[in-house]
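What follows is a set of notes on a single structure, which appears directly below.
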Amino acid sequence: MKKSISIPSIKNYRIDSVESLRRLREILVAGEQTTGKFVNVCCGSGCISSGSEHVREAFVSGIKGHELEDEIKVKKTGCHGFCERGPIVVVGPKNIFYQHVTKEDVPEIISETLLEDRVVERLLYEDPVTGQKCLHENDIPFYRKQKRIVLKNCGLIDPTSIEDYIKVDGFQALAKILSHMTPEEVIGEIKLSGLRGRGGAGFPTGIKWETARNASGEEKYIICNGDEGDPGAFMDRSVMEGDPYSVIEGMMIAGYAVGASQGIIYVRAEYPLAVHHLSTAIAQVTDLGLLGRNIMESGFDFEIKIVKGAGAFVCGEETALIASIEGKSGRPKPKPPFPAIQGLWGKPTVINNVETMANVSRIILNGHEWYSGIGTPTDKGTKIFSLVGKVRNVGLVEVEMGTTLREIIFDIGGGIQGGKRFKAVQTGGPSGGCIPEELLDLPVGYESLAKAGSIMGSGGMLVMDEDTCVVNIARYFLDFARNESCGQCTPCRLGTKQMFKILQDITRGKGRPGDIEILLELSDAVKHGSICGLGMTVPNPVLSTIRYFRKEYEEHILEGRCRALVCRSLIFYRIKDYRCKACLKCLQACPVDAIIGAKWQVHEIDQSKCIKCGTCMQVCPPRFSAVECVTGLIEGSGDKSE
Amino acid sequence: MADEGATVLTAAQDAGIYIPALCHCPDVSSQGVCRLCLVRIEGRRRPEPACRTIIEEGMVVFTDDPEIERLRRVILELILSDHDFNCLLCPKSGQCRLQELVNRIGFDEHRFSRLEHTAKDLPIDTSNPFFDFNPNKCVQCTICVRTCHEIAGIDAIDMAYRSDNLRVSTFANKPLKDSVCVSCGECMERCPVGALIPKKFKHPTREVKTTCPYCGVGCGLYLGIRGNTIVRARGDDESPVNHGGLCVRGRFGYDFVNSPDRLSLPLMRAYDEYAQPSSVVEMNEEGRPITLPLVKREGKFVEITWDQAIRYVASSLAHYKGDEIAAISSARCTNEENYLFQKFTRVALETNNIDHCARL
Ligand SMILES: Cc1cc2nc3c(=O)[nH]c(=O)nc-3n(C[C@H](O)[C@H](O)[C@H](O)COP(=O)(O)O)c2cc1C
Ligand code: SF4
Ligand code: SF4
Ligand code: SF4
Ligand code: FES
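Residue numbers (our numbering), protein chains in the order written: chain A, 1 to 642; chain B, 643 to 1002.
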């Protein structure tokens, strides 16, 4: 067996020109070609939590045991997006995709796949529809309809290895602009590409840069917004963890275009791995001479710092984020002035989302025609969604703009779990609207989602099935909103509080006729009367559920019914006497002794004692299925009074 | 024609057009948080706060349309639902901006009755000797915070917490007395509602324009009088010296005027040969005592006349010259008095040993 050439150490290597970057890349690629076999273990936060660190250690020691450590490289990579199937391991040279790998599986993978070139069938992903085993990532339906531009390096490169990044064209976009493009040309390219901010509002990135470039002032700043406060969203985390270099390169290009020499990445402190990878990357890039003074002899200076955020949702809002960096309390400020004119320390500041920044190098490298060819006439490029909820394949998906919700949820997401019926999908995080089944063929885009009463937001996508009560969902998000409101605007501070109260009353069976109208009026005041995007959007879950599911609100209010059997005050459990076999199971399990009965005596629930925990229903043997859950306040209270 | 750079709110006010406003205070920058001053501006998607929107050539502003009116009412109802509106017991009643807003824009009683009205029941901060802070009345307009930052320059208070817990707080939520607050009362003066209220509050029946007696700055002030008693002091906005501002002494330190403990005559120690007791207390036309000096006899002070006092001081000073003597003047004197005193010290007493109590 031929020993591989060991990869040249890049210690002490300094890139001082476009030429030296090209040379380094060549050396690195040449070193790569002879090492055919590899093991890529996903070490994103998702896979780490399912034990991928142990899997990686097992590979390292197993391979050492076979004395193959020079030939087979074990690498940690960033997130593949399919965290639910983690830990994920990709084995080369054939890129076999193993899922749910445990450390016990490792010896088998080594001896079978790495030594004998045979596939370990049971670790492959099985298509639940066709029953077919999928050998490669791209065979899996979850990936087939995705278009991974931003995530292209995630799962491929070692996020702590700058060599890996350079091998996949890293810093080529930077080299291109520094050697061939003026700042104005860079801005022109971004403008033509049609890139819009991925942080929520979808503001055209090129125009934002141009504004900051033209704003007067010597000092300017580039801020990358990695606060990612939406519960359930983790696309920015995955990018920062899995491909920190792309974020850095994007920021540098922005810095060059705008005329800024300082960058700040604002990451929430709950993302320790992202902070770790970013700071490692910044140190490496600086050591290589790509950050600092006179980068590649172009006269362009740039440095990047990391600021950790304490985690308030509203601190993701740009002006609040800036206040937070300045050490003030994180409250949004009214705009104008916009940050591009007067931002951090009063200086012109471009603030862009992580995903926006990661798009930049791709656009510069491939040209605006390529980028604007992806997507729809109004929305260019791709968007990463964090697909969660009652969908089969939970994970991160990057799709072309204009992909329909149906394709995302059913083709990529694999449909609804447990064969249940789809009910609604909420897009855009806690202040997004709920979109019903009729609109499943809606293509995703900023305007199309807004028209449907929702938002693109940062890309949250929460799928709900028939067991979800939309009123309860609206209550849940209003609870989030009222707690996260910074409180300075009257309508947002007090309006969300009152809306929550009304929704809570409705879900508790205390709704009153007229509640819907008051909710609409309060929503209107919060939406139109607030300073920042939080207030402007938080009524969306309420407005959209009233718009599409008004009937369910009315059932709650007028009939005391919750058809999804979620709102506890509106449901009750009862035992069908003709099915009950008096087995004592539920009687013994009930935590509050609400069940009356005895051996040979059919059981019955004392409604005045019942706390509606549903234990009886769970423990009732399926062959009897004697316990049922029904809704209806009238019927329920009637039962109680008996 | 409105001034360039003016806001829609001030331009409207100058033109006599009413736009409701709660968190606006002309003395400090606008924050635009109450959202009551929202107006519709042609060509803009969203209603804009008049207090923060700069007027532009050809701008068309609608200060009132049914939609704006409803928006304002809902916001006002929300404020009321969060406010302890026991107006009968509130010292601010009659001068309260919230009452005025209710009168001017009104509210929908039906909708208001459907809102939850929660008593906040937060403790009242009575630690400051001059004014109380009642958070249950606070409407979170942040005027006090901006005042403390921009006018007092102290930053004793800020808005703390989030959501409907938002409230005015000192650092680490300590009582005002234990904060860096200097009790200037500027915030209290500007609070539009009854949240920051002077401890002793009586409405004056008339006002007298005067100059603060405390120090040489000479702030202009109006003393509010009720009967024969001073019940409040407020800065004279017109005074070029202080533009309406006052410090803790000028604003709150008027009690001594009517104090029974106040010295009404010069006092002198009795063992002094110059002391000639005067048993006569002279009265002025109003029957009030004319202040006279006092001397102390056998350990006690006895009253003497001003002439006697001055004569005593003059003859004592005659014994010393040059380095034998030093003079200290007072911050409570006017600049002119201080000037004269140093002149007297240098020329008559022939020494440069002159200093001032305000040197720290
Ligand atoms: C309440 C609120 C929370 C936000 N949170 C985030 C966030 O977590 N990450 C983010 O990138 N943008 C967030 N934004 C959007 C930012 O204000 C800003 O628009 C964005 O960072 C600009 O970058 P972009 O143009 O690249 O989208 C938030 C906005 C609001 C109103
Ligand atoms: S809308 Fe809400 S979160 Fe935004 S500034 Fe106003 S109170 Fe704060
Ligand atoms: S009294 Fe003066 S120093 Fe104290 S909080 Fe008010 S403005 Fe600030
Ligand atoms: S105390 Fe008065 S001035 Fe300060 S925020 Fe409350 S209402 Fe406004
Ligand atoms: S007066 Fe303009 S927002 Fe309060």
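Just so it is clear, CB atoms sit at the ideal spot from N, CA and C, and this is done for glycine as well.
Within chain A, the residues placing a beta-carbon under 8 Å from that of residue 675 of chain B are 488, 489, 490 and 531, ordered along the chain. Listed as beta-bridge partners of residue 398 of chain A by DSSP are A:384. With fewer than 16 neighbouring CB atoms inside 10 Å of its own CB, residue 629 of chain A falls in the exposed class.
With a cut-off of 8 Å, the C-beta of residue 47 of chain A is classified as distant from ligand 2, since no heavy atom of the ligand falls inside that distance.
Residue 270 of chain A has its alpha-carbon roughly 30 Å from the corresponding atom of residue 416 of chain A. Per DSSP, residue 874 of chain B lies in no alpha helix (DSSP H) segment; the continuous beta strand (DSSP E) that holds it begins and ends at 871-877. Think of a sphere of 7 Å around the beta carbon of residue 758 of chain B: the chain A residues whose beta carbon falls inside it are 498 and 501, in chain order. Three or more Cβ pairs closer than 8 Å define a contact, and the region 155-169 of chain A meets that threshold against the region 9-28 of chain A. For residue 483 of chain A, the C-beta contacts it makes with chain B under 8 Å involve 804 and 805, in order along the chain. DSSP, read as helix, strand or coil, puts residue 909 of chain B in strand. Looking from the CA of residue 947 of chain B, the closest CA among B:665, B:664, B:907 and B:840 belongs to B:907.
CA-CA distance, residue 60 of chain A to residue 142 of chain A, rounds to 29 Å. Under DSSP, residue 245 of chain A takes part in no beta bridge, so it has no partner.
Using beta-carbon distances, residue 524 of chain A counts as an interface residue toward chain B, with a partner under 9 Å.
Residue A:352 holds the alpha-carbon nearest to the alpha-carbon of residue 250 of chain A among A:159, A:340 and A:352. For residue 486 of chain A, no alpha helix (DSSP H) segment is defined, and its DSSP state is neither H nor E.
Just so you know, the alpha carbons of residue 155 of chain A and residue 623 of chain A end up roughly 47 Å apart. If you draw a 10 Å sphere on the C-beta of residue 829 of chain B, you find 16 or more other C-beta atoms in it, and that means buried. Using beta-carbon distances, residue 723 of chain B counts as an interface residue toward chain A, with a partner under 9 Å. Burial state of residue 380 of chain A is buried, judged by a 10 Å Cβ sphere holding 16 or more other Cβ atoms.
According to DSSP, residue 571 of chain A shares a beta bridge with A:631. Taking 8 Å as the cut-off, the C-beta of residue 805 of chain B does not count as close to any heavy atom of ligand 5.
Comparing alpha-carbon positions, the option among A:521, A:598 and A:591 lying closest to residue 580 of chain A turns out to be A:598. Distances from the alpha-carbon of residue 477 of chain A to those of A:39, A:232 and A:148 put A:232 closest. Taking non-hydrogen atoms of ligand 2 into account, the C-beta of residue 809 of chain B is found less than 8 Å away from none of them.
Remark: fewer than three beta-carbon pairs, one from each stretch, lie closer than 8 Å, so the region 108-115 of chain A and the region 185-201 of chain A are not flagged as touching.
Here the C-alpha atom of residue 75 of chain A lies approximately 8 Å from the C-alpha atom of residue 157 of chain A.
Under the criterion of beta carbons closer than 8 Å, residue 689 of chain B and residue 713 of chain B qualify as touching, at roughly 7 Å. For residue 743 of chain B, the three-state secondary structure derived from DSSP is helix.
With respect to the 9 Å criterion, residue 682 of chain B and residue 717 of chain B are not classified as neighbours on the basis of their beta carbons.
In the DSSP annotation of this structure, the continuous segment of the beta strand (DSSP E) that includes residue 224 of chain A starts and ends at 221-226.
With the criterion CB distance below 6 Å from any heavy atom of ligand 3, the matching residues run B:789, B:790, B:794, B:796, B:798, B:799, B:823, B:824, B:825, B:826, B:827, B:828 and B:829 along the chain.
For residue 655 of chain B, the enclosing alpha helix (DSSP H) has its first and last residue at 650-656.
Going by beta carbons, residue 631 of chain A and residue 534 of chain A fall outside the 9 Å limit. Neighbourhood of residue 717 of chain B in chain A, by CB distance below 7 Å: 490, 491, 525 and 529, in chain order. CA-to-CA, the gap between residue 237 of chain A and residue 230 of chain A works out to about 12 Å.
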